[in-house]
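Residues 1 to 477 in full-length UniProt numbering are what the sequence shown lists, from first letter to last. Cβ atoms here follow ideal geometry from the backbone N, Cα and C, with glycine treated the same way. Small disclaimer: the values here were computed from a predicted structure and weren't measured. Down below is the structure, laid out as structure tokens.
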Amino acid sequence: MSMPTDPVVSNNEKLPHEDNDNNGIFGRIINKSKVYPLEEYTHSEIRNDHVNEKVLPVELEESRKIVTVPKQQKSLFRRNFKETLILSAAISTIALSFVGVTVYYILSYSRPELVYTNMIWRHGDRAPAHYFPNFTEKYMIAFPRGMGNLTKIGAEQAEQLGLLLQRRYINPGNITSKQIYIRSTDVHRTIETAQHVLKGMSFPDTRINVELTTNVDTAGNPFFDCPVATQFVLDQEEKYFLRENFSEIYELMQQELNYNSYSYYLFDTLNCLKAHDLALPNWLRSDELYEKLKFLSWYGVEAQFGIGPYDNKLQRKIRGGSSLRGVVSRIACKVNYSEWSSVDSCEEKFYGLSAHDMTIAALLSTFSDIHSILGKSPLIGYGANIAFEIWRIDNLYKMKIMYANQWDANPQDITQFAPGCEDSIKFCNVTKFIEHSRELFFDNVQEACLKGSENLISHVIRRSTNTDEVIDLIQMY
1 MSMPTDPVVS
11 NNEKLPHEDN
21 DNNGIFGRII
31 NKSKVYPLEE
41 YTHSEIRNDH
51 VNEKVLPVEL
61 EESRKIVTVP
71 KQQKSLFRRN
81 FKETLILSAA
91 ISTIALSFVG
101 VTVYYILSYS
111 RPELVYTNMI
121 WRHGDRAPAH
131 YFPNFTEKYM
141 IAFPRGMGNL
151 TKIGAEQAEQ
161 LGLLLQRRYI
171 NPGNITSKQI
181 YIRSTDVHRT
191 IETAQHVLKG
201 MSFPDTRINV
211 ELTTNVDTAG
221 NPFFDCPVAT
231 QFVLDQEEKY
241 FLRENFSEIY
251 ELMQQELNYN
261 SYSYYLFDTL
271 NCLKAHDLAL
281 PNWLRSDELY
291 EKLKFLSWYG
301 VEAQFGIGPY
311 DNKLQRKIRG
321 GSSLRGVVSR
331 IACKVNYSEW
341 SSVDSCEEKF
351 YGLSAHDMTI
361 AALLSTFSDI
371 HSILGKSPLI
381 GYGANIAFEI
391 WRIDNLYKMK
401 IMYANQWDAN
411 PQDITQFAPG
421 CEDSIKFCNV
431 TKFIEHSREL
441 FFDNVQEACL
451 KGSENLISHV
461 IRRSTNTDEV
471 IDLIQMY
């Protein structure tokens, strides 16, 4: 194959080096260009190998062109590779940023946010609330603060409950003292319990609202003054005493205490003594006796709330429904429910009501299956609490209800038993809960009580209002 002729030299004219060396510089240059990537030679080496040979400027220039072509190619390759690498990195960075922003947006949009908590808790351990002559005073040395009052143990339980609530709802730092609203029934042990709960929550200076007396506190005291509801219980008295079925219990109480009326009073006293590990008289040590007293006590509670064998819609709406209304009214305000409003302001993020076991029992009596929550013969422990948690998920309000049967118990999800939440798996639609709940209470329960009492004759009303066991019944719980 012939090489192209230099345009400066004629076709017939030979270059000086062509006759002298068949393996001359031009051939060497071509060979060197073939192995150039090793870069073992330079132009100076070429000249040194042939010091006696005369190299024309044109020939030298041609050699430079031939030699430098691979360098240019390599430089171009490096430059292209670098640019490609930078471009790939830029594209990857943009793609990752886009993915990150998208994921963050999705998570932020769907991440559940707790926006409101409405709680009710029972007070802590207390002294016996009923006095049995020649019996109770023997044990009062263990209760120096007096009948029915919070004990030192109860104060500690309440503070520990507050600490647990702080971890569950306050620790993220999303609630300030101005966003907490605490209310209590007008009973000393519930007020004091609220103080200790707030101490545990690290908000000891938060105000405790006690603006209602027990006879009109429809949310905290299910036994508020309502003649028609009281009369219903009195009409069921012989039924829920079950004297024929448990005659031995009433005979025992008569023999040992000179008392044979409400078995709950003895059951409550027994629980107080057992909680403080006090020595019991022989006649009160039987496990069988304890279980029978427990059963009779709950049987009477069912009459109060119109549930179980006493199935009565009016009684349920007055007693249990009023406790439910206290919760629903604030939740409706918080989620801007427009169909019904009974609360003017609900700026708080945490609402707590310090109340009684019967407050919780009344509330749960409006749920679909109270026994699945509390058991067959319920006993609501000290510091028991129920929390209605309102969450914002995908810009919708949803609810979860958690219940613990005493201050240190792990809360259990009971959402599926709440009104309108039967088909819920984890969260319940708040609007559905409100709408179904409204069917279970009166908007104006006092009006319903007065309307119902018109059918009661005067001596019956006097009987109900003069009965010590009925007046301030909440003091017993």
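Within the model, the alpha-carbon separation for H276 versus Q157 is close to 14 Å. When beta bridges are read from the DSSP output, R126 appears opposite L150. Distances from the alpha-carbon of H356 to those of D311, F367, S261, I120 put I120 closest. Three or more Cβ pairs closer than 8 Å define a contact, and the stretch 159-169 falls short of that threshold against the stretch 314-332. With fewer than 16 other Cβ atoms from the protein chains shown falling within 10 Å of its own Cβ, H371 counts as exposed. The residue among N215, S261, F232, D311 with its C-alpha nearest the C-alpha of D225 is N215. Remark: C-beta atoms of I393 and P112 approach each other more closely than 8 Å.
Here DSSP, grouped into helix, strand and coil, assigns S297 to helix. DSSP, reduced to helix, strand and coil, places K376 outside both helices and strands of the structure shown, so it counts as coil. Shown here for V430: same chain residues with a beta carbon closer than 7 Å to its own, the five before and five after excluded, namely I331, V335, I390, Y397, K398, M399 in chain order. Relative to the Cα of S345, the nearest Cα in the group D408, C333, I94, Y337 belongs to C333. Annotation: the continuous alpha helix (DSSP H) that includes Y264 extends over 263-275. Around the beta carbon of W407, a 10 Å sphere encloses 16 or more other beta carbons of the protein chains shown; the residue is thus reported as buried.
Annotation for A279: no beta strand (DSSP E) segment contains it, and DSSP assigns it neither H nor E. When C-alpha distances from G320 are compared across E422, I170, T117, A418, the shortest belongs to A418. When only Cα atoms are considered, P128 and W298 end up about 18 Å apart. Beta-bridge analysis with DSSP links Q412 to Y403. Pairwise C-beta distances place the stretch 263-278 out of contact with the stretch 206-213, as fewer than three of them are shorter than 8 Å. In the DSSP assignment, I393 falls within the beta strand (DSSP E) that extends over 385-393.
Contact between T117 and A387 holds, with the beta-carbon distance rounding to 6 Å and staying under 8 Å.
Annotation: the continuous beta strand (DSSP E) that includes S354 extends over 350-355. In the DSSP assignment, I318 falls within the alpha helix (DSSP H) that extends over 313-318.
For D205, the number of other beta carbons within 10 angstroms of its own is below 16, and it is reported as exposed. Taking C-beta atoms as the reference points, G146 and Y240 fail to come closer than 8 Å. Following the DSSP letters along the chain, one finds Y382 in no beta strand (DSSP E), marked with neither H nor E. In the structure shown, I120 adopts extended strand secondary structure according to DSSP, grouped into three states. In the three-state reduction of the DSSP assignment, Y240 falls in the helix class, which pools H, G and I. Of all alpha-carbon atoms in Y131, H436, F132, the one lying nearest the alpha-carbon of W340 is that of H436.
By a beta-carbon distance limit of 8 Å, T213 does not contact S322. Their separation comes to about 15 Å. Membership of S184 in the beta strand (DSSP E) is indicated by the continuous run 180-184. Inclusion of R316 and T366 in the CB contact set at 8 Å is warranted, their separation being smaller than that value.
With respect to the C-alpha of I175, the residue from L296, N260, Q236, F203 having the closest C-alpha is F203. Residue environment for A95: exposed (fewer than 16 other C-beta atoms within 10 angstroms of its C-beta).
Here K398 is bridged, per DSSP, to W391, N429.
P309 sits exposed, since fewer than 16 C-beta atoms from the chains shown fall within 10 Å of its C-beta.
In terms of CA proximity to H196, G383 leads the group G383, K426, I425, K178.
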